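Just so it is clear: in the sequence shown, position 385 is 392 by the numbering used here, and no numbers are missing.
Note sheet for the following structure.
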Amino acid sequence: MTGLVILADWLVSQEHYLRARQKAPISSVEEHWEAASAACLPLLEEAGLVPVDLGRTAFVQAHGIPQPNALQRSVLDELPAAVRGPGILLVTAATGDGKTETALESERILAESCGTRGFAFLLPTMATSDQMYERVNAFVRRQCTAPPSVTLTHSMAWLNPAYSEDLLQTGPAVLTGEIADQNGSGSGSAVASRWLRGGKRPLLAQFAVGTIDQALMAVLPVKHNALRMLALSGKTFIVDEAHAYDPYMQVLLGRLLHWLGAYRCPVVLLSATLPVSVSDRLIKEYLRGAGATKRELRDASFRSPYPGWLFVDAATRTATCMSGAARTQQTADRRTRLALRREAVRHVLPASDRTADRLPDQARLQRIEDLLQPLMTDQGGCALVVCTTVADAQQTYSRLRTRLCSRLGPGELELLHARLPGDDRAARTTRITSDLGRTGNRPVRRIVVATQVVEQSLDLDADLVISDLAPLALLLQRAGRCWRHEGWWARHGRPGGRDRPAWAQEAGPQLVVLDPLDENGAVPPHWGEVYDTYLLQATARVIVERDGTRLNIPEEVQDLVEQVHGDGRTREGQPLYRWDEPELAPARLAYEGGKAAMETAGRCVAIPRVKDIAGLEALHRFEAKDEEWDAATRLGADSVRVLCCYVQPDGCTTLDVSGARPLPLPGQGRLPTSAEVRAVMERTIPVQAAWMAFRTPDQAPPQEWAQHTMLSDLVLLRHEIGQAGPAGVQVGNRTYHLDTELGLVRT
Numbered sequence: 008m009t010g011l012v013i014l015a016d017w018l019v020s021q022e023h024y025l026r027a028r029q030k031a032p033i034s035s036v037e038e039h040w041e042a043a044s045a046a047c048l049p050l051l052e053e054a055g056l057v058p059v060d061l062g063r064t065a066f067v068q069a070h071g072i073p074q075p076n077a078l079q080r081s082v083l084d085e086l087p088a089a090v091r092g093p094g095i096l097l098v099t100a101a102t103g104d105g106k107t108e109t110a111l112e113s114e115r116i117l118a119e120s121c122g123t124r125g126f127a128f129l130l131p132t133m134a135t136s137d138q139m140y141e142r143v144n145a146f147v148r149r150q151c152t153a154p155p156s157v158t159l160t161h162s163m164a165w166l167n168p169a170y171s172e173d174l175l176q177t178g179p180a181v182l183t184g185e186i187a188d189q190n191g192s193g194s195g196s197a198v199a200s201r202w203l204r205g206g207k208r209p210l211l212a213q214f215a216v217g218t219i220d221q222a223l224m225a226v227l228p229v230k231h232n233a234l235r236m237l238a239l240s241g242k243t244f245i246v247d248e249a250h251a252y253d254p255y256m257q258v259l260l261g262r263l264l265h266w267l268g269a270y271r272c273p274v275v276l277l278s279a280t281l282p283v284s285v286s287d288r289l290i291k292e293y294l295r296g297a298g299a300t301k302r303e304l305r306d307a308s309f310r311s312p313y314p315g316w317l318f319v320d321a322a323t324r325t326a327t328c329m330s331g332a333a334r335t336q337q338t339a340d341r342r343t344r345l346a347l348r349r350e351a352v353r354h355v356l357p358a359s360d361r362t363a364d365r366l367p368d369q370a371r372l373q374r375i376e377d378l379l380q381p382l383m384t385d386q387g388g389c390a391l392v393v394c395t396t397v398a399d400a401q402q403t404y405s406r407l408r409t410r411l412c413s414r415l416g417p418g419e420l421e422l423l424h425a426r427l428p429g430d431d432r433a434a435r436t437t438r439i440t441s442d443l444g445r446t447g448n449r450p451v452r453r454i455v456v457a458t459q460v461v462e463q464s465l466d467l468d469a470d471l472v473i474s475d476l477a478p479l480a481l482l483l484q485r486a487g488r489c490w491r492h493e494g495w496w497a498r499h500g501r502p503g504g505r506d507r508p509a510w511a512q513e514a515g516p517q518l519v520v521l522d523p524l525d526e527n528g529a530v531p532p533h534w535g536e537v538y539d540t541y542l543l544q545a546t547a548r549v550i551v552e553r554d555g556t557r558l559n560i561p562e563e564v565q566d567l568v569e570q571v572h573g574d575g576r577t578r579e580g581q582p583l584y585r586w587d588e589p590e591l592a593p594a595r596l597a598y599e600g601g602k603a604a605m606e607t608a609g610r611c612v613a614i615p616r617v618k619d620i621a622g623l624e625a626l627h628r629f630e631a632k633d634e635e636w637d638a639a640t641r642l643g644a645d646s647v648r649v650l651c652c653y654v655q656p657d658g659c660t661t662l663d664v665s666g667a668r669p670l671p672l673p674g675q676g677r678l679p680t681s682a683e684v685r686a687v688m689e690r691t692i693p694v695q696a697a698w699m700a701f702r703t704p705d706q707a708p709p710q711e712w713a714q715h716t717m718l719s720d721l722v723l724l725r726h727e728i729g730q731a732g733p734a735g736v737q738v739g740n741r742t743y744h745l746d747t748e749l750g751l752v753r754t
């Protein structure tokens, strides 16, 4: 009810509605009621809040693929018999097994039984959300009988390149003083109304795609959390990459599932590498919200087959699994024997982190170069090199560019990471996914050097994957980019009609892991806290044991994940020996302590469970103006956006080196236009907030941007243009320089 009141207030607080009412004075309560009632439906339609029915076409037409695989067929044939009302569905399968289509078909079945209309499809990052938005938008367009509302919801959604310029204008002004209209839109026939693109409103759309943070705000004690909960109620809630969240976020996700269980909202969880202990805890949180007691769930265990699905009914707690026959078929269709190779290397420290008495060791870079030699022949090939840090990726790219330049053609070496200007990163991502995806003109040769940005939701197929050591679940995600579409191409033909190069056919799918841990298990110092030491050490043990063997995918995936990420027990409940290894004990103790601390932080900040609510005040505890930042959805994720601009010799500041794009500075008394804001924000780069802690007043944004909610918080790195080109910018004891190929370089 609280959320509904907020929504009604915002709808009738639109300027054009208020002015129309002022022109037609009301003399009685009866007249007011009649006028308000007559205005209600038009306001809802204008805002895009009237739901539409999808045509619900057949699987082939809805998804644009020839036929469902065994996992998808099982959901179509077997799930309807299990669904008698709300419940939670867990889908576990290796990367590339079509979990997205499985989720969308599951949503149709759940909606028919539960009466939901629409869904929210949430993912871990903005990049993965942008990619999924395109797929979901196309899915909805193929079935819509009328233009539905499809929104992309994250902090930078309106910069998505799919949005056309004519849709950037802000919708009708809302005069409550509570929100600032930021821009965002959809494309094609499934365009969200401008009203839905305003602040805090995209989740209200019938179909919403975005980051999980937007939904988690519903269970943080902040203003308008009730509006977010209202937006999720009556929908199917879909969470992709459910394994990708740290213990703090898992607690918040569990609390959200608890409330959705109370609202009888169906839920779908998707994952390729989710430990059983985590999935079991999330399912029980949902069931507790739906009314189950802690005692009733104490001895219950909900384990999904892998690959497969598990549906648990909210009312009866009855669990239904994918049939054994369907699972056997899915396993056979997707079976891959992945060659695992370990390369022990000494890691090179980035130049900025070296000390005078520590000479650089080129072993890692040389080994990567050696591993890529088969691609340098006339046969070519496609390889993915995944690095731990941006500095590692930049250094690796620079080495390969220097050493292989004579044998690489234009565009055959690509770099992708998070410290690129937004428009450049989007262009590179599109180019890479188009060339290395399922369809399109696959290049003869392509080497992509990247960070973790490629391990989730990007549809890439490489002949060879080389990766720095990472937690085992992430290595398996990266391995999912190796020969990802082999089965598809074998059935439907290969891009350009070309087979994989002979060297790749002979070796088969390969994952090469570069292991930098020394004899004491020490992690390269410059990696910092990117990954937990215990997870790296435990993963390294598995890699050493399996070095030179082939992993059976998907059969061995779950057991491998449990060895490193599980609760220390096998599927049969027996202890895993690895947890008792004395060499891992110190790191494991620190890991468990850190995990417990993060879970405690999550429980402290989340709103109470449904039955623990005594009054509305328990849902809202923060009083600060910017309270949403007081209760973060991610721990340790504080960041700022920097804008690299250029001071030309004549003193003019521009967005580009050549000086063709002046920094947009509106006249006095005028806010920047939507197009001007977009021109600036698409060139920004997110960096750790601590990096900019010692910024100077010269790095503050122009005074003309002070009143804009997005531009006022930017840090400007003004590169002076000299005879030798742009000079670096000093912040604290570090220098920053935007390189056209490498992105933002920090030395």
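Backbone N, C-alpha and C fix where the C-beta goes; we use that ideal spot for every residue, glycine too.
Everything numeric in this text was worked out from a predicted model, so none of it was measured.
Inset, instruction - Determine the direct distance from the alpha carbon of residue 409 to that of residue 733, and round the result to whole angstroms. - result: As a position in the sequence shown, residue 733 is number 726, starting the count at 1. As a position in the sequence shown, residue 409 is number 402, starting the count at 1. Straight-line Cα distance between these residues: approximately 22 Å.
Inset, instruction - Could you give the DSSP three-state label for residue 525: helix, strand or coil? - result: Here residue 525 refers to the residue found at position 518 when the sequence shown is read from its first residue. Looking at residue 525 - three-state DSSP - the assignment turns out to be coil, as it is neither helix nor strand.
Inset, instruction - May I ask you to list the residues that DSSP assigns as paired with residue 7? - result: Outside the shown range of the chain (8 to 754) lies residue 7, about which nothing can therefore be said.
Legend entry - C-alpha gap between residue 487 and residue 271, whole angstroms: Here the question's residue 487 lines up with position 480 in the sequence shown. Here the question's residue 271 lines up with position 264 in the sequence shown. Their backbone Cα atoms lie some 34 Å apart in a straight line.
Inset, instruction - Apply the 10 Å Cβ neighbour rule to residue 207 and answer buried if 16 or more other Cβ atoms are within range, or exposed otherwise. - result: Counting from one through the sequence shown, the residue named residue 207 turns up at place 200. Residue 207 is buried by the Cβ-count criterion.
Legend entry - Three-state secondary structure (DSSP) of residue 744: Taking the first residue of the sequence shown as position 1, residue 744 is located at position 737. Strand.
Legend entry - Length-filtered (3 minimum) beta strand (DSSP E) runs lying within the segment 198-250: 214-218 and 243-246
Inset, instruction - Compare the Cα-Cα distances from residue 114 to each of 104, 137, 135 and 79 and report the closest residue. - result: On the sequence shown, residue 114 is found 107 positions in, with the first residue counted as 1. Among 104, 137, 135 and 79, the Cα nearest to that of residue 114 is on 79.
Inset, instruction - Using alpha carbons as the reference points, say which of 426, 442, 254 and 430 lies closest to residue 420. - result: Residue numbering aside, residue 420 sits at position 413 when the sequence shown is read from its first letter. Out of 426, 442, 254 and 430, 442 has the C-alpha closest to the C-alpha of residue 420.
Legend entry - Straight-line Cα distance separating residue 344 from residue 558: Working through the sequence shown from its first residue, we reach residue 558 at position 551. Working through the sequence shown from its first residue, we reach residue 344 at position 337. Distance between the alpha carbons of residue 558 and residue 344 is about 5 Å.
Legend entry - Limits of the beta strand (DSSP E) - the one that residue 126 falls within: Here residue 126 refers to the residue found at position 119 when the sequence shown is read from its first residue. Here the beta strand (DSSP E) through residue 126 covers 126-130.
Inset, instruction - Kindly identify the DSSP beta-bridge partner or partners of residue 350. - result: On the sequence shown, position 343 is the one that residue 350 refers to. According to DSSP, which records beta bridges pairwise, residue 350 is partnered with 521.
Inset, instruction - Determine, using beta carbons only, whether residue 664 and residue 266 come nearer to each other than 8 Å. - result: To locate residue 664, count along the sequence shown from 1; it is residue 657. To locate residue 266, count along the sequence shown from 1; it is residue 259. Going by C-beta atoms, residue 664 is not nearer than 8 Å to residue 266.
Legend entry - Beta-bridge partners of residue 791, as assigned by DSSP: The structure shown does not extend to residue 791, since the chain is modelled only from 8 to 754, so the question has no answer here.
Legend entry - residue 758, buried or exposed, once every other Cβ within 10 Å from all chains shown has been counted against 16: Because the chain in this structure spans residues 8 to 754, residue 758 falls outside the shown range and cannot be described.
Inset, instruction - Just the C-alpha distance for residue 383 and residue 415, rounded to the nearest angstrom, thanks. - result: In the sequence shown, counting from the first residue as 1, residue 383 sits at position 376. In the sequence shown, counting from the first residue as 1, residue 415 sits at position 408. Their backbone Cα atoms lie some 8 Å apart in a straight line.
Legend entry - Endpoints, the alpha helix (DSSP H) within which residue 144 is located: Along the sequence shown, one-based indexing puts residue 144 at 137. Start and end: 133-148.
Inset, instruction - Taking all protein chains shown into account, decide if residue 402 is buried (16 or more other Cβ within 10 angstroms of its Cβ) or exposed. - result: As a position in the sequence shown, residue 402 is number 395, starting the count at 1. So residue 402 ends up on the buried side.
Inset, instruction - Pick helix, strand or coil for residue 305, following the three-state DSSP scheme. - result: For the purposes of this step, residue 305 is taken as the residue at position 298 of the sequence shown. Looking at residue 305 - three-state DSSP - the assignment turns out to be coil, as it is neither helix nor strand.
Legend entry - residue 496 to residue 503 span [Cα, whole Å]: Walking along the sequence shown from the start, residue 496 turns up at place 489. Walking along the sequence shown from the start, residue 503 turns up at place 496. The straight-line gap from Cα to Cα measures roughly 11 Å.
Legend entry - Contact check, residue 250 vs residue 480, beta carbons under 8 Å: Position 243 of the sequence shown, counted from the first residue, corresponds to residue 250. Position 473 of the sequence shown, counted from the first residue, corresponds to residue 480. Yes.
Inset, instruction - Count the other C-beta atoms from every protein chain shown that fall within 10 angstroms of the C-beta of residue 8, then say buried if there are 16 or more, exposed otherwise. - result: The residue given as residue 8 occupies position 1 in the sequence shown. Classification of residue 8: exposed, given that the 10 Å Cβ count is below 16.
Inset, instruction - With DSSP collapsed to three states, give me the class of residue 24. - result: As a working mapping, residue 24 is identified with position 17 in the sequence shown. If DSSP states are grouped into helix, strand and coil, residue 24 belongs with the helices.
Inset, instruction - Check whether the segment 115-132 touches the segment 35-47, counting contact only when three or more Cβ pairs, one atom from each stretch, lie closer than 8 Å. - result: no
Legend entry - Which of helix, strand or coil DSSP assigns to residue 13: The residue labelled residue 13 in the question sits at position 6 within the sequence shown. Helix, per DSSP.
Legend entry - Identity of the residues DSSP links to residue 388 by a beta bridge: Within the sequence shown, the letter at position 381 stands for residue 388. Answer by DSSP bridge pairing, in chain order: 452.
Legend entry - Delimiting residues of the alpha helix (DSSP H) encompassing residue 49: Your numbering for residue 49 matches position 42 in the sequence shown. It spans 36-54 - the alpha helix (DSSP H) in which residue 49 sits, taken as one unbroken run.
Inset, instruction - Return the Cβ separation of residue 132 and residue 337 in integer angstroms, given the expectation that the two are a contact with Cβ distance under 8 Å. - result: As a working mapping, residue 132 is identified with position 125 in the sequence shown. As a working mapping, residue 337 is identified with position 330 in the sequence shown. Between residue 337 and residue 132 the Cβ distance is about 27 Å, and since that is not below 8 Å, they are no contact.
Inset, instruction - Let me know the secondary structure DSSP gives residue 661 once reduced to three states. - result: Position 654 of the sequence shown, counting from 1, holds the residue named residue 661. If DSSP states are grouped into helix, strand and coil, residue 661 belongs with the strands.
Inset, instruction - Indicate whether the contact test is met: 3 or more Cβ pairs, each with one atom in the segment 91-111 and one in the segment 127-146, closer than 8 Å. - result: yes
Inset, instruction - For the segment 232-251 and the segment 69-85, state whether three or more C-beta atom pairs, one from each stretch, are separated by less than 8 Å. - result: no
Inset, instruction - Report the rounded CA-to-CA distance for residue 511 versus residue 352, giving the unit in angstroms. - result: On the sequence shown, residue 511 is found 504 positions in, with the first residue counted as 1. On the sequence shown, residue 352 is found 345 positions in, with the first residue counted as 1. C-alpha separation (whole angstroms): 24 Å.
Inset, instruction - Would you check if the distance between the CB atom of residue 600 and the CB atom of residue 237 is smaller than 8 Å? - result: The sequence position of residue 600 within the sequence shown is 593, counting from 1. The sequence position of residue 237 within the sequence shown is 230, counting from 1. Going by C-beta atoms, residue 600 is not nearer than 8 Å to residue 237.
Legend entry - 8 Å contact criterion, which residue 670 and residue 660 should meet: CB distance rounded: Translated into the one-based positions of the sequence shown, residue 670 becomes position 663. Translated into the one-based positions of the sequence shown, residue 660 becomes position 653. About 4 Å; that satisfies the 8 Å criterion.
Inset, instruction - Within its chain, find whatever has a CB closer than 8 Å to the CB of residue 567; leave out the 5 residues flanking it on each side and keep chain order. - result: On the sequence shown, position 560 is the one that residue 567 refers to. Closer than 8 Å at the Cβ level, and outside the excluded window around residue 567, lie 479, 483, 549 and 558.
Legend entry - Close beta carbons around residue 683, own chain, < 6 Å, minus the five adjacent residues each side: Counted from its first residue, the sequence shown places residue 683 at position 676. Once the five neighbours on either side are set aside, the close Cβ partners of residue 683 are 671.
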